[in-house]
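Q: One structure coming up, written as structure tokens, with questions to follow.
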Amino acid sequence: MTDTEKGILPENIDVSFLPTEEDYVYMNLEKEKYLTPKANKIIFRIIGMAGILSGTAGLVLRNGNIIETICFLLLIAVSLFVISFYDVIRPFLVFKSSSAFFRYNEKDIISKNLSINDKTITVNDELHRISIPKEYIYEVYKSKRTLFIFLDKEEFIYIPLRVLNS
Amino acid sequence: MAKPVLKFKNELSVRDYAEGYRLYDIRRGRCMGRKIKASLFFFLAMAMLFMLMQEGFNIPKLPVCSIVLLICIYMCCFFLYIQPNMSKHRGEQIYKSSRLISMEYTFEMHKEYFIMKNEYESLKRYYTELSDCIETDNIFLLIGGTEKKIIVISKRCLEEEKKEELSAFFKKETIRQYRRTRSRRKKK
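So the sequences go chain by chain: A and B.
Numbering-wise (my numbering), the first sequence opens with residue 28 and increments by one.
Numbering-wise (my numbering), the second sequence opens with residue -17 and increments by one.
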């Protein structure tokens, strides 16, 4: 954990919260946005742009047969899909799937208690209890609505910021 | 609290966790439905090949078909070989980035649930929460729950007798979720 991350982490708090559907959905959207490598987004945009340009050029410059025209149109459609994948399509899918997951598992989502003191972070609910020294934190990330405390590259504890602000 | 049916200690190696993570990705993660995705690209590749054949492999005449054919071949390889290997690599990275996964955990198996704990963490999980219970030659992989979705139990740290007991226990308690997979190399 870097010094900046230590600054993000609130000190000496003891809160209890029950995640709502909105918390859960936004947490998933923000997590996806944060964990998706920037290189992937850039590569998808470049491939999409190249596809659209070559498809358009093919349609304009070549007087091909009907099959070729269909192929070029298909190429443009696929390129549009690729170019908007990380900005529109994936967030939409994440939104839909996490909302459905929350509704399906609503009874399993239980309240959590979180306390942070000088040395340790403790998160506990009915089934899961973690009490770790701050050195064991891999990363801390604060997004618009959620505070993420990563225990490794994938596993994390999340706290909706509304809980900390209230 | 009721006495556990089985109790044992377990410590994971990077290999075990990576194997577990790869299996998780194949069953419930990014690699889900990889054979269907690969088949779709395979059929698209066949269609492109057919179109090229009709033109006598005159590639300059159908450049788009050739490009789509190459992309389809790459996507088939990606879904079948590259992506599972990437998952394994990701599993290794996760293991290395965590200070909790590599620690020794004590597992207490009860009739309805199990508890895994060490000095920093304690987790109680009901078998009804699990979506999959997969046994391989080296690990038991338990997938499910709303957090800490992947739990891997290494067979390397267990005695032969305990392995069989645990295997029989999972078979009995997680009937719907249980499946046994064997590595292809050993089958031969």
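For every residue, glycine included, the Cβ atom is placed at its ideal position computed from N, Cα and C.
Determine contact between the region 120 to 129 of chain A and the region 52 to 68 of chain A, defined as no fewer than three beta-carbon pairs at a distance below 8 Å.
A: Yes, the region 120 to 129 of chain A is in contact with the region 52 to 68 of chain A.
Q: Keeping to the same chain, check which residues put their C-beta closer than 8 Å to that of I40 of chain A; ignore five residues upstream and five downstream.
A: Against the first sequence, residue 40 of chain A aligns to sequence position 13. The answer, listed in chain order, is L141, S142, I143 and L191.
Q: How about K170 of chain B: is its C-beta nearer than 7 Å to some C-beta of chain A?
A: As a first step, residue 170 of chain B is located in the second sequence; it is residue number 188 there, counting from the start. Low confidence applies here, because K170 of chain B scores a pLDDT of 45, under 50, leaving its location unreliable; read the following figure in that light. Judged by the 7 Å Cβ criterion, K170 of chain B is not in contact with chain A.
Q: Please list, in chain order, all residues of the same chain as F177 of chain A whose beta carbon is under 6 Å from its beta carbon, the five residues on each side excluded.
A: Position 150 of the first sequence, counted from the first residue, corresponds to residue 177 of chain A. Y165, E166 and F183.
Q: Can you list the residues of chain B that I136 of chain A reaches, using a CB-CB cut of under 7 Å?
A: Translated into positions along the first sequence, residue 136 of chain A becomes position 109. Those within 7 Å of I136 of chain A in chain B are T128.
Q: Find the residues of chain A that neighbour I83 of chain B, judging by a C-beta separation of less than 8 Å, and give them in chain order.
A: Counted from its first residue, the second sequence places residue 83 of chain B at position 101. Near I83 of chain B (Cβ distances below 8 Å), the residues of chain A are D179.
Q: Could you tell me whether the region 83 to 92 of chain B touches the region 3 to 10 of chain B, where touching means 3 or more Cβ pairs closer than 8 Å?
A: No contact exists between the region 83 to 92 of chain B and the region 3 to 10 of chain B.
Q: State the Cα-Cα distance for the pair P45 of chain B and L56 of chain A, rounded to the nearest angstrom.
A: Along the second sequence, read from residue 1 onward, the residue named residue 45 of chain B stands at position 63. Along the first sequence, read from residue 1 onward, the residue named residue 56 of chain A stands at position 29. Using only the alpha carbons, I get a separation of about 39 Å.
Q: Taking a contact to mean a Cβ-Cβ separation below 7 Å, would you say I121 of chain B touches D114 of chain B in this structure?
A: Within the second sequence, residue 121 of chain B is the residue found at index 139, counting from 1. Within the second sequence, residue 114 of chain B is the residue found at index 132, counting from 1. No, the pair does not count as a contact, with Cβ atoms beyond the cut-off.
Q: DSSP on F89 of chain B, reduced to helix/strand/coil?
A: Here residue 89 of chain B refers to the residue found at position 107 when the second sequence is read from its first residue. DSSP places F89 of chain B in strand when its eight states are reduced to three.
Q: Considering D114 of chain B, what are the terminal residues of the beta strand (DSSP E) in which it resides?
A: Along the second sequence, one-based indexing puts residue 114 of chain B at 132. Run containing D114 of chain B: L112 to E117, per the beta strand (DSSP E) assignment.
Q: Please list, in chain order, the chain A residues whose beta carbon lies closer than 7 Å to that of K106 of chain B.
A: Taking the first residue of the second sequence as position 1, residue 106 of chain B is located at position 124. Correct list: L154.
Q: Along chain A, which residues have their Cβ under 8 Å away from the Cβ of C47 of chain B?
A: Counted from its first residue, the second sequence places residue 47 of chain B at position 65. Per Cβ cutoff of 8 Å: C98.
Q: DSSP has F(-10) of chain B in a bridge; who is on the other side?
A: What you label residue -10 of chain B is simply residue 8 of the second sequence in a count that begins at 1. Bridge partners of F(-10) of chain B: B:F89.
Q: Could you check whether the Cβ of L102 of chain A sits closer than 7 Å to any Cβ belonging to chain B?
A: Here residue 102 of chain A is taken as the residue at index 75 of the first sequence, counted from 1. Chain B, which has a Cβ nearer than 7 Å to the Cβ of L102 of chain A, makes this yes.
Q: Return the residue from the list B:M14, B:K19, B:F25 and B:E155 that minimises the CA-CA distance to R107 of chain B.
A: The sequence position of residue 107 of chain B within the second sequence is 125, counting from 1. Measuring from the Cα of R107 of chain B, the nearest candidate turns out to be B:E155.
Q: If contact is defined by three or more beta carbon pairs under 8 Å, each pair taking one atom from either stretch, is the region 105 to 115 of chain A in contact with the region 78 to 87 of chain A?
A: Enough Cβ pairs lie closer than 8 Å, so yes.
Q: If contact is defined by three or more beta carbon pairs under 8 Å, each pair taking one atom from either stretch, is the region 70 to 80 of chain B in contact with the region 89 to 101 of chain B?
A: Verdict: no, contact absent.
Q: Any beta carbon from chain A within less than 7 Å of Y102 of chain B's own beta carbon?
A: To locate residue 102 of chain B, count along the second sequence from 1; it is residue 120. Closer than 7 Å to some Cβ of chain A, the Cβ of Y102 of chain B qualifies, so yes.
Q: When we look at the beta-carbon of H71 of chain B and count the other beta-carbons within 10 Å, is it buried (16 or more) or exposed?
A: Numbered from its first residue, the second sequence carries residue 71 of chain B at position 89. The residue in question, H71 of chain B, is exposed, as its Cβ has fewer than 16 Cβ neighbours within 10 Å.
Q: According to the neighbour-count rule (16 or more other Cβ atoms, all chains shown, within 10 Å of its Cβ), is K58 of chain A buried or exposed?
A: For the purposes of this step, residue 58 of chain A is taken as the residue at position 31 of the first sequence. Classification for K58 of chain A: buried.
Q: Listing by chain order, which chain A residues have their CB less than 7 Å from the CB of I76 of chain B?
A: By 1-based counting over the second sequence, the position of residue 76 of chain B is 94. The answer, in chain order, is D179, K180 and E181.
Q: Using the Cα positions of P46 of chain A and S138 of chain A, report the straight-line distance between them to the nearest angstrom.
A: Your numbering for residue 46 of chain A matches position 19 in the first sequence. Your numbering for residue 138 of chain A matches position 111 in the first sequence. If I take the Cα positions, the gap works out to 7 Å.
Q: Between the region 13 to 30 of chain B and the region 131 to 143 of chain B, are three or more C-beta pairs nearer than 8 Å?
A: The answer is no - the region 131 to 143 of chain B does not touch the region 13 to 30 of chain B, with fewer than three Cβ pairs under 8 Å.
Q: Could you please tell me which residues of the region 30 to 41 of chain B, in chain order, have their CB closer than 8 Å to any CB of chain A?
A: So the list reads M33, given in the order they occur along the chain.
Q: For S113 of chain B, decide whether its Cβ has a neighbour in chain A, counting only Cβ atoms nearer than 7 Å.
A: For the purposes of this step, residue 113 of chain B is taken as the residue at position 131 of the second sequence. Cβ-Cβ to chain A under 7 Å: no for S113 of chain B.
Q: Which residues in the same chain have their Cβ closer than 6 Å to the Cβ of I35 of chain A, if we skip the five residues on either side of it in sequence?
A: Translated into positions along the first sequence, residue 35 of chain A becomes position 8. Closer than 6 Å at Cβ, skipping near neighbours: V167 and K169.
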